[in-house]
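Have a look at the structure below, then the notes.
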Amino acid sequence: MTDATLPFVPPLDSYGESYLDDGHTVMSWLTTTDHKRIAILYALSITVFFFIGGIAIGMVRLELISPTGLFLTSDEYNRLFTMHGIIMVWFFLVPSIPATMGNFILPMMIGAPDVAFPRLNLMSWYLYVGGAAFTVYVLFSGGVDTGWTFYPPFSSQYSHSDVIGAAAGVFVVGFSSIATGINFLATIHMLRCPGMTWFRLPLFAWSMYVVSFVMVLATPVLAMSLLLISAERYFGLPIFDPSAGGDPLLFQHLFWFYSHPAVYIMILPAMGVVSEVFACFARRRVFGYAFMVYSMMTIGVIGFMVWGHHMFVAGQSQLANLVFSFLSFIVAVPSAIKVFNWTGTLYRGHIGFEAPMIYALGFLGLFTIGGLTGLFLASVPIDIATTDSYFVVAHFHTIMVGGSVSAFMAGIHYWWPKITGKLYNEFWAQFAAITMFLGFNVTFLPQFIMGWLGMPRRYHYYPAVFQVWHVLSSGGAVILATAYLMPLVYLTWSLFYGEKAGDNPWHATGLEWQTPSPPPRTNFLRPPRVDVDPYDYHDFGRSAETGDEAQARPQGEPT
Amino acid sequence: MSDTAGALQHPWPNLRLQREGVGLGMWLFLASEVLFFGALFVGFAVYRSFNEDAFRIAGAHTEIVYGSINTALLLTSSLTMTVALRAATTNMRDLTLVCLAVTAALGVAFLICKGLEYREDLKEHLFPGPHFPLSPPATQMFWGFYWIMTAIHAVHLTGGIAVVTVVFVLFKRRIIPVQGSTMEGVAIYWHFVDSVWLVLYPLIYLAGRS
Amino acid sequence: MTDPSNPQSGARERDARSEQAWWLWKGPALVWLALIVLFGISFGVAYLPLGGANLAAHLAIAAVMIVLLVTFLMDMRNATAIVRLIGGAGLFWLILMFSLTFNDYLSRHY
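As structure tokens, this is what we get:
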């Protein structure tokens, strides 16, 4: 289908009633097929895991204050940073934006009454819970010590921890993201409302489209690599065993075939969110919309071809190093286009510094730093010097935490009034956003420096010269933790005491804002129809001369 | 003309689009599955390219009779599955049910053959480990892949049989009508499991026969 | 739909039905026959001493069989553009995985 022409008629009895009032029992939530409720289920579960993963790394940072450790054995230390990695990557970051905001907002954004397969959507949450159950079991059975990357032969032959349990958790949760991906792709293809052509899709919808493709095509390879590890460990099949002609590097190939695109699974949705936020709070049309779309697609595709830059020193061939290094440089081009276009969107905009915008601006700066240090690491000679150092750790945390988590917070604050119908306290939100940006930099800038000076990652004990950087970094982690805890308080507070938000508190143009907050069960009171391109704010910004505070033109309206 | 009213699910506006959507969803899942098995095939290809002789020696010890019977069974089951789908879309309920039953039966026959084959293999101690009868050591690699590939395929087939059985019961009891969108997805999945076997068969059974 | 008071119309209905049944079986049966023949050829080729060409022949035949199966039995020939695109994407990414992995393995000199 090139153009969507789907009329739909919501059942009469759902008129006007918010999705929150569509049953109040626990069972009405656990058996719901409403994409909005499933989004909330996801949001609650990933929040729990975010803080479990945070506690794990909090203990690690505390331990690292002293060069010889404070209170952990080396074995415990290994298990803590491994659990931090596994939980943060697969149980927070990968599902974070797609499964919560994607689930909630995407169908509304394209004017659909629900996702294409509502029951599959619920099943994907249960798969998440199943994978989470394995992981919690592993937490209580003593953890796992391989690092989140599960490299053999350590994971397959030597580790004494519960590798199979952890692998099973990741295996199962992988199918939850495949299910989500399939659902979103079918939704975007089949259920766009009349007039919502491909190039009228808001960029967040585009980011969900691309990320779903990446999820569907990358995740199965991770599943297989974990299956092979488990088969070797449990049944003794010599898959990666050099004594039977096996090659441990094959695992790395398969693992990174997923896990590098996984970085794009984490960052593409973030790009989608900040595109919405920048346009709205700069009161500006997104600069270079088509280029934004094409660059996301390019990132999605090229992102699959760069995995070997994780293996520059692992023993792959010189030619492979060269090819992967080249392709890694290539993928920086579309990313740079996006940064340029966001900046172009801000240019001459009438910028408001509401909390979502502060988070998004934080994203812009940190993503740029993370991206540029990524170029260092794409270059073979520099990577050889910095492999497995804190420089690498700081680089990917800048992308995944500085980038994705900032954008996650931006999205939560941006859509909170729509999701809950309440306004949060703006002052505390702005304060938390600024604290998070500062806390992040105090945590990770020292890591860049000590990594550059040669501090290796994952080491429990370290030379005393690095202590000052470690102490700084741990101090920053405390600030960061505070910044993460604050929203928990003021957002919860707003649920009970917050002001009513109204349908469109930000005067945004997206279709999701043209319906009551919180939305009714079928999202819209009357079927929406789209007439114009997205982001019809002001061509040259909400300029000071005209004092133009008028509402932007909505992308569509009810028929 | 027929009882399609119960077939339409939320949030689809009509049955044609729903059927298209289910087909689309299943194809997406299969694209995912292609990469799932693809990872396995990459591993096999890498190791075979480095241990050609060992893989030939090891391949000669597989049970070609069982393998070939199973290929024929699966190809035939794809035939009956196609007819089941065509019968369902033209609302020939009885033919749909018969074909589904035959398909499931052929699938079960495949699994029984597979079980007998596994018994033979184990009798010859062809499971990688300290007392593996073949040499050089890389023959164990072939057999490692043999067990993983056939087992994963069998799991997929078992899933297929389970789904076909459930769908059969739902059709039989008229809980869902045959011309809904269900058959579309079931049929595509079944053919996919068949086509994976078409790759496994030459890799496992035909290597090292000449 | 059949009018019980008119036996002739019932007979016509049955004729139409059996014709339809023939239509249902004909195409798939032909494809099935082709697949079985190809399977037989592949089986026979296995016992010819062709050296390295054995595997190539087997994989080529398997590829033809899969193309037949996908085109006719999975009905790719009547599929929408997006379904073709998805099938193509699966294949493309598979090739990507093979080529970049072998880019490493085939250029190792140790």
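Residue numbers (the numbering used here), protein chains in the order written: chain A, 8 to 566; chain B, 14 to 223; chain C, 166 to 275.
Built from N, CA and C at the ideal position, the CB exists for glycine as well.
Bear in mind that the values here come from a model prediction, so they are computed numbers and not experimental data.
Checklist entry - Could one say the Cβ of Gly255(C) lies closer than 7 Å to chain B's Cβ atoms, at least one of them? => result In the third sequence, residue 255(C) corresponds to position 90, counting from 1. Yes, because at least one Cβ of chain B sits closer than 7 Å to the Cβ of Gly255(C).
Checklist entry - Helix, strand or coil for Ser166(A) per DSSP? => result For the purposes of this step, residue 166(A) is taken as the residue at position 159 of the first sequence. Coil at Ser166(A), not helix or strand.
Checklist entry - Are the C-beta atoms of Leu41(B) and some chain A residue less than 7 Å apart? => result In the second sequence, counting from the first residue as 1, residue 41(B) sits at position 28. It does; some Cβ of chain A falls within 7 Å.
Checklist entry - Along the chain, which unbroken stretches of the alpha helix (DSSP H) at least 4 residues long are found entirely within the stretch 217 to 251 of chain C? => result 218 to 233
Checklist entry - Looking at the C-beta of Trp258(C), does it have a partner C-beta in chain A at a distance below 7 Å? => result On the third sequence, position 93 is the one that residue 258(C) refers to. For Trp258(C), the answer is yes, since a Cβ of chain A falls inside 7 Å of its Cβ.
Checklist entry - Should Arg132(B) go down as buried or exposed, given a rule of 16 or more other Cβ atoms within 10 Å for buried? => result For the purposes of this step, residue 132(B) is taken as residue 119 along the second sequence, with counting starting at 1. Arg132(B) counts as exposed, since fewer than 16 other C-beta atoms from the protein chains shown sit within 10 angstroms of its C-beta.
Next on the checklist: I need the straight-line Cα distance from Val472(A) to Val478(A), nearest angstrom please.
Outcome noted: Residue mapping note: residue 472(A) aligns to position 465 of the first sequence, counting from 1. Residue mapping note: residue 478(A) aligns to position 471 of the first sequence, counting from 1. Spanning the two alpha carbons is a distance of roughly 11 Å.
Checklist entry - Can you list the residues of chain B that His196(A) reaches, using a CB-CB cut of under 7 Å? => result Position 189 of the first sequence, counting from 1, holds the residue named residue 196(A). Per Cβ cutoff of 7 Å: Leu37.
Item to check | DSSP three-state assignment for Leu130(B), whether helix, strand or coil | outcome: As a position in the second sequence, residue 130(B) is number 117, starting the count at 1. Looking at the sequence shown, residue 130(B) is not Leu but Glu. Correct three-state label for Glu130(B): helix.
Item to check | Cβ-based burial, Ser15(B) [other Cβ within 10 Å; buried from 16] | outcome: Counted from its first residue, the second sequence places residue 15(B) at position 2. For Ser15(B), the pLDDT reaches just 46, beneath the cut-off of 50, and the residue's location in the model is therefore unreliable, although a value from the coordinates is still provided. Per the 10 Å Cβ criterion, exposed.
Checklist entry - Going by C-alpha distance, which of Gly172(A), Tyr265(A), Gly65(A) is nearest Val485(A)? => result Taking the first residue of the first sequence as position 1, residue 485(A) is located at position 478. When C-alpha distances from Val485(A) are compared across Gly172(A), Tyr265(A), Gly65(A), the shortest belongs to Gly65(A).
Item to check | 8 Å Cβ cut-off: residues of chain C touching Glu204(B) | outcome: Along the second sequence, read from residue 1 onward, the residue named residue 204(B) stands at position 191. According to the sequence as given, residue 204(B) is His; it is not Glu. Simply Leu234, Val235, Leu238, Met239.
Checklist entry - Can you tell me the Cα-Cα spacing of Ala212(A) and Phe140(B), whole angstroms? => result Against the first sequence, residue 212(A) aligns to sequence position 205. Against the second sequence, residue 140(B) aligns to sequence position 127. Using only the alpha carbons, I get a separation of about 50 Å.
Checklist entry - Any contact of the stretch 214 to 228 of chain A with the stretch 180 to 196 of chain A, i.e. 3+ C-beta pairs under 8 Å? => result yes
Next on the checklist: Going by beta-carbon coordinates alone, are Thr305(A) and Pro341(A) separated by less than 7 Å?
Outcome noted: Start at 1 with the first residue of the first sequence, and residue 305(A) comes out as number 298. Start at 1 with the first residue of the first sequence, and residue 341(A) comes out as number 334. Against a cut-off of 7 Å, the Cβ pair of Pro341(A) and Thr305(A) comes out as a contact.
Checklist entry - What is the DSSP secondary structure of Gly310(A), counted as helix, strand or coil? => result Counting from one through the first sequence, the residue named residue 310(A) turns up at place 303. Gly310(A): helix per DSSP, three-state reduction.
Checklist entry - Applying a beta-carbon distance threshold of less than 7 Å, which residues of chain A neighbour Leu48(B)? => result Counting from 1 along the second sequence, the entry for residue 48(B) is found at position 35. Chain A residues near Leu48(B): Leu224, Pro227, Val228.
Item to check | Cβ-Cβ separation, Phe123(B) to Leu170(B) (assumed contact under 8 Å), whole Å | outcome: Mapped onto the second sequence, residue 170(B) falls at position 157. Mapped onto the second sequence, residue 123(B) falls at position 110. Right, the Cβ-Cβ distance comes to about 6 Å (below 8 Å), so this counts as a contact.
Checklist entry - With C-beta atoms as the reference, is Val136(A) less than 7 Å away from Asn128(A)? => result Within the first sequence, residue 136(A) is the residue found at index 129, counting from 1. Within the first sequence, residue 128(A) is the residue found at index 121, counting from 1. Contact flag unset, no.
Item to check | Short CB-CB distance (under 7 Å) between Val202(C) and chain B | outcome: Numbered from 1 along the third sequence, position 37 holds the residue referred to as residue 202(C). Closer than 7 Å: no.
Item to check | Closer than 7 Å to chain C by CB, Arg99(B) | outcome: The count along the second sequence starts at 1 and reaches residue 99(B) at position 86. So, interface residue.
Checklist entry - Quick one: is His274(C) buried, meaning 16 or more other Cβ sit within 10 Å of its Cβ, or exposed? => result By 1-based counting over the third sequence, the position of residue 274(C) is 109. Result: exposed.
Item to check | Spatial neighbours of Leu13(A) in its chain, beta-carbon cut-off 6 Å, leaving aside the 5 residues before and after | outcome: Counted from its first residue, the first sequence places residue 13(A) at position 6. The pLDDT assigned to Leu13(A) is 47, lower than 50, so where the model puts this residue is not dependable; a value taken from the coordinates is nonetheless given after this. So no residue of the chain qualifies.
Next on the checklist: Please report whether the beta-carbon of Ala251(A) lies at a distance below 7 Å from any beta-carbon of chain B.
Outcome noted: Translated into positions along the first sequence, residue 251(A) becomes position 244. Yes, because at least one Cβ of chain B sits closer than 7 Å to the Cβ of Ala251(A).
Item to check | C-beta neighbour in chain B for Asn268(C), strict 7 Å | outcome: By one-based count along the third sequence, residue 268(C) stands at place 103. So no, Asn268(C) is outside the interface.
Item to check | Cα-Cα separation between Gly310(A) and Pro453(A), rounded to whole angstroms | outcome: Here the question's residue 310(A) lines up with position 303 in the first sequence. Here the question's residue 453(A) lines up with position 446 in the first sequence. Rounded to whole angstroms, Gly310(A) and Pro453(A) show a C-alpha spacing of 28 Å.
Next on the checklist: Between Tyr250(C) and chain B, is the shortest Cβ-Cβ distance under 7 Å, so that the two count as touching?
Outcome noted: For the purposes of this step, residue 250(C) is taken as the residue at position 85 of the third sequence. What sits at residue 250(C) in the sequence shown is Leu, not Tyr. No, Leu250(C) does not count as interfacial toward chain B.
Next on the checklist: Can you pull the chain B neighbours of Pro125(A), defined as C-beta to C-beta under 9 Å?
Outcome noted: Taking the first sequence and counting its residues from 1, the one referred to as residue 125(A) is at position 118. The contacting residues are Gln22, His23, Pro24.
Next on the checklist: For Asp269(C) and Ala327(A), I'd like the C-alpha separation in whole angstroms.
Outcome noted: The residue given as residue 269(C) occupies position 104 in the third sequence. The residue given as residue 327(A) occupies position 320 in the first sequence. About 5 Å.
Item to check | Best match in Met222(A), Leu77(A), Asp390(A) for proximity to Val308(A) [C-alpha to C-alpha] | outcome: Residue numbering aside, residue 308(A) sits at position 301 when the first sequence is read from its first letter. The shortest Cα separation from Val308(A) among Met222(A), Leu77(A), Asp390(A) belongs to Met222(A).
Checklist entry - Shorter than 7 Å from the beta carbon of Leu113(A) to some beta carbon of chain B? => result Position 106 of the first sequence, counted from the start, is the residue given in the question as residue 113(A). Not one chain B Cβ lies under 7 Å of Leu113(A).
Checklist entry - Which same chain residues, not among the five before or five after Gly377(A), have their C-beta less than 7 Å away from its C-beta? => result For the purposes of this step, residue 377(A) is taken as residue 370 along the first sequence, with counting starting at 1. Hits under 7 Å: His402, Thr405, Ile406, Gly409, Gly410.
Checklist entry - For the alpha helix (DSSP H) that Arg560(A) lies in, which residues bound it at each end? => result In the first sequence, residue 560(A) corresponds to position 553, counting from 1. That residue, Arg560(A), is in no alpha helix (DSSP H); it is neither H nor E in DSSP.
Item to check | Proximal residues of chain B, C-beta to C-beta of Ser207(C) below 7 Å | outcome: In the third sequence, residue 207(C) corresponds to position 42, counting from 1. Simply Pro215, Leu219.
Item to check | Rounded C-alpha distance that separates Met443(A) from Leu430(A) | outcome: One-based indexing of the first sequence puts residue 443(A) at position 436. One-based indexing of the first sequence puts residue 430(A) at position 423. One C-alpha to the other measures close to 21 Å.
Next on the checklist: Looking only at its chain, what residues have a beta carbon closer than 8 Å to the beta carbon of Ala199(C), apart from the 5 residues adjacent to it on each side?
Outcome noted: In the third sequence, residue 199(C) corresponds to position 34, counting from 1. These residues qualify, in order along the chain: Leu233.
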